[in-house]
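Structure first, commentary second.
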Amino acid sequence: MNVWLVTIGEPLPIGDTGNRLLRAGLLAEALLQRGHNVTWWSSTFDHFQRKHWFQSDKEIQIQPNLKLKLLHGVGYSKNMSLQRMFDHAQIAWKFRKQARRESPPDVIHCSMPPIELALAVANFGKARKIPTVLDMRDMWPDIFLELFPKSIQPCFKILLFPWFYMLRKACCRATAIIGMTPFFVDWGLSYAGRVKRTWDRDFPFGYPEKVPSPEALQEAEYFWDRHGVLADRKEFVICFFGAIGWHFGGDCFFSASKQLEQSGRGVKFVFCGIGDALESYRAQGKGNPNLLFPGWVDQAKIWTLMRRSKAGLAHYRKSKNLEGNLTNKPIEYLSAGLPILTNVSGYLQGLLEQHGCGLFYPENQPDDLFSRISLLYDNPGFRDQMSNNASRLFQERFSAKKVYREISEYLERLALENPLTK
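For the sequence shown, the positions run 162 to 583 when the numbering used here is used.
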């Protein structure tokens, strides 16, 4: 079977960056293991490092059954920018131009966003009767309206009308809608204007259990030792991984950190990632040894830090996009058996409470965050039970081997039965 994966903004299996593969990359590996041919359409732009891999379109044969088709756009320096919109429009235009010259696949899996590319892919699949799946990852453009007061949101919805229009067309023309949670599937179906069908279903993010190489781990251990995050585990470390931008939101951990220090509890927050707000948070945390912002870190450093930590932090600005979502970060924490502290109500809160592997604190309530951390700090037995529950939940539902086998089987059935030809 020939499969096209269309996803930009994810780490690619090129270079020596120490990047961990995410949803598309892990799905590609699973499909290759099952003997399929994979063409992965992506961008020459590295979303995480904000730089181009190549200065023009590039095709790379990674291995006999895996080919990268990298499309070149202008790139961007900020997540929220007109330049990023232009970049995505360029990528979609190039996909339309180049896809028609390629041998058609048996099935297409496409991430949404970006909206322009999702529409281009859905149009291509429908016109050629190729089953095309849209994988709903983020609620673009809905989430952009949340940046403005409710009183003026209708005005900005008019300005964003082209995106709303393109999303409706993409969802209507896709063969199936999938997503990380049932909420995201239903959201995509609402834009498609139809009820749920056989092929519409949710698949969570799956996280791999692969241990980094000894050389990478040695480097990672030295890195964290040098930053004062030691392996003796006497210090209570809380880790965070992700973009530190507008959606990071809130600064209640600054106040909570001071309260913890004053109470005699040795707790260190380690925030890993880059973003538009990183330097601002570094400036606010300057002088506080219990707040560390080391920037972007690779897979081995993530793996090592999680095993030097006592809990993982899923802290974000309130958003409808997050309330119905289950992003990869909480699942990453579960893979290491870390109890999760989160201010995200909705799906994640319910999951953690149901399985006893995390604690919720209201947004911008440092006293509540302080009390939740104190509960874990003061009760090692309770924390260990939460850790065991986290590991169990991960194995049951979020192991990459299980998740991407199921998605691969799903794509195989969809290609075989192809509802577009009936």
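All C-beta atoms in this analysis are idealised placements derived from N, C-alpha and C, irrespective of residue type, glycine included.
Boundaries for Met-547: no beta strand (DSSP E) harbours it, while the alpha helix (DSSP H) harbouring it runs 541-554, taken from the DSSP string. CA-CA distance, Leu-278 to Phe-345, rounds to 18 angstroms. Around the beta carbon of Lys-429, a 10 Å sphere encloses 16 or more other beta carbons of the protein chains shown; the residue is thus reported as buried. In this structure, DSSP gives Val-356 a state outside helix and strand, which the three-state scheme calls coil.
Unbroken beta strand (DSSP E) runs of no fewer than 3 residues, entirely contained in the stretch 418-445, are found at 428-433, following chain order. Here DSSP, grouped into helix, strand and coil, assigns Pro-265 to coil. Within the stretch 464-536, the runs of beta strand (DSSP E) at least 3 residues long that lie entirely inside it are, in chain order, 472-475, 501-503, 519-521.
Here DSSP, grouped into helix, strand and coil, assigns Gln-216 to coil. Ile-291 and Pro-580 have their alpha carbons spaced roughly 9 angstroms apart. For Ser-569, the enclosing alpha helix (DSSP H) stretches over residues 561-578.
By the neighbour-count definition (other C-beta atoms within 10 Å, threshold 16), Tyr-352 is a buried residue. For Asp-386, the enclosing alpha helix (DSSP H) has its first and last residue at 375-387. Proximity of the stretch 532-548 to the stretch 563-582 falls short of the contact definition, fewer than three beta-carbon pairs being nearer than 8 angstroms.
Take Gln-420, set aside five residues on each side of it, and the residues of its chain with a beta-carbon closer than 8 angstroms to its own are Pro-527, Asp-528, Phe-531, in chain order. When C-beta atoms of the stretch 245-263 are compared with those of the stretch 303-321, fewer than three pairs fall below 8 angstroms, so the two segments do not count as touching. Taken through DSSP and simplified to helix, strand or coil, Ser-416 comes out as helix.
In the three-state reduction of the DSSP assignment, Lys-371 falls in the coil class, being assigned neither a helical nor a strand state. Under the Cβ criterion (8 angstroms, minimum of three pairs), the stretch 451-458 counts as touching the stretch 432-439. Around the beta carbon of Lys-562, fewer than 16 other beta carbons lie within 10 angstroms, which makes this residue exposed. Under the three-state reduction of DSSP, Leu-453 is assigned to strand. Here Leu-495 is buried. Its C-beta has 16 or more other C-beta atoms within 10 Å. For the pair Trp-214 and Trp-165, the CB atoms are not nearer than the 8 angstroms cut-off.
A direct Cα-Cα distance of roughly 7 angstroms separates Asp-207 from Gly-170. Considering only Met-327, Asp-437, Asn-504, Met-162, the residue with the shortest C-alpha distance to Trp-457 is Asp-437. In the DSSP annotation of this structure, the continuous segment of the alpha helix (DSSP H) that includes Ile-304 starts and ends at 303-306. Assignment of Ser-272 by DSSP, reduced to helix, strand and coil, places it in the strand class. Under the DSSP definition of a beta bridge, Lys-228 partners with Thr-200, Gln-222. Put simply, of Lys-479, Phe-322, Ala-497 the residue whose alpha carbon is nearest the alpha carbon of Leu-509 is Lys-479.
Under the 8 angstroms Cβ criterion, the stretch 292-303 does not count as touching the stretch 227-247, having fewer than three qualifying pairs. DSSP lists Val-294 as the beta-bridge partner residues of Ala-337.
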